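Adding 124 to a residue's 1-based position in the sequence shown gives its number in the numbering used here.
All C-beta atoms, glycine included, are put in the ideal place defined by N, C-alpha and C.
Just so it is clear, the structure is predicted and the values come from calculations on it, not from any experiment.
Data block below; observations after.
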Amino acid sequence: MYEGDVLAGNWRRPGKGKIPQVPAEPDLVVEDADSGFCGAVVSCDKEAVTLEDRFGKRRLFPLAPAAFLLEGQVVTLVRPTAATGAPRRSASGSIAVEGLRARVARESRIYVEGVHDAALVERIWGHDLRVEGVVVEYLEGVDDLPAIVAEFGPAPGRRLGVLVDHLVPGSKESRIAAQVTSPHVLVVGHPYVDVWQAVKPSVLGIPAWPDVPRGLPWKEGVIAALGWGVEPADAWRRILGAVSTYTDLEPDLLGRVEELIDFVTEAT
125 MYEGDVLAGN WRRPGKGKIP QVPAEPDLVV EDADSGFCGA VVSCDKEAVT LEDRFGKRRL
185 FPLAPAAFLL EGQVVTLVRP TAATGAPRRS ASGSIAVEGL RARVARESRI YVEGVHDAAL
245 VERIWGHDLR VEGVVVEYLE GVDDLPAIVA EFGPAPGRRL GVLVDHLVPG SKESRIAAQV
305 TSPHVLVVGH PYVDVWQAVK PSVLGIPAWP DVPRGLPWKE GVIAALGWGV EPADAWRRIL
365 GAVSTYTDLE PDLLGRVEEL IDFVTEAT
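Written out as structure tokens, the structure reads:
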């Protein structure tokens, strides 16, 4: 509870110098004074700030004077200035290596199921993978995973990490993954039917990913339910184009990819 009514009186036009200006740094939690929407700063440009609430819903607000509350106090949010000497962050949140030249590729690899998985991993972890010299390849499904692993020939210093869609107890994918037992191979997965679902719905301006009845192609079912009226390739371009940072993805995917990168780069 705030002491008194923070909006009482002419709060939009207070005496000079009474409203502090606060940089809209990422993760700063504020409340929009007009609507009551409370959330953390996701992004900010010269005209507006995007807030995300605890349910993952995002809203855009103009950077108007005295338009926000910070810990119950009226503030004016301003665009943050770049800190001199502050390290730049990559899309995955890691410290970016300036003037990076990709190192010679390791023998170890990361395999993902399809081209969409590979594109999403590249979008967020591409910088990190080039720093580490890790190549990502896609399998076009995991039905032949045991044979693919055998052909790869995992060994000390030649590790293989595999990211699998819909890796949940009792699924076909879980039964296939269980057949891979090499200590130099790590198979992990996320619970989603398709990697599209690993993108937070709020990033695309939808409340949730639609439920698609069994027996219907999942991607086509999603497109029809959302009323997009496009081909899957065009839908994927829309989805991928909305992703710019790790905060746009679900934790179930983030943790698994980080786990794979650690595994294939670990000294043996």
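With respect to the 8 Å criterion, A242 and L364 are not classified as neighbours on the basis of their beta carbons. V346 has its alpha-carbon roughly 6 Å from the corresponding atom of P334.
Between D289 and V317, the C-beta gap is smaller than 8 Å, which places the two residues in contact. Note that the region 177-195 does not touch the region 232-251; fewer than 3 beta-carbon pairs, one per stretch, sit closer than 8 Å.
Here V236 is buried. Its C-beta has 16 or more other C-beta atoms within 10 Å. In this structure, the straight-line span from the alpha carbon of I300 to that of L287 is close to 13 Å. The three-state secondary structure of V327, taken from DSSP, is helix. Just so you know, the alpha carbons of S368 and R361 end up roughly 13 Å apart. A190 places its beta carbon 8 Å or farther from that of Y370. DSSP lists no bridge partner for Y370.
Sequence-distant Cβ neighbours of V311 in its own chain, meaning closer than 7 Å and more than five residues away, are V286, V288, A301 and V304.
When secondary structure is reduced to three states using DSSP, P270 falls in the helix class.
At a cut-off of 3 residues, the continuous stretches assigned as beta strand (DSSP E) that sit fully inside the region 258-322 are 259-262, 284-288 and 309-313. Taking the CA atoms as reference points, V199 sits about 6 Å from I143. If you compare the alpha carbons of D386, D372, I272 and L384 with that of I248, the shortest gap goes to D372.
Within its own chain, the residues whose Cβ lies closer than 7 Å to the Cβ of F192, once the five positions on either side in sequence are excluded, are V154, E155, D156, A157, V199 and L201, listed in chain order.
The C-beta of E171 has fewer than 16 other C-beta atoms within 10 Å across all chains shown, which makes the residue exposed.
Annotated three-state conformation of V255 is helix, per DSSP.
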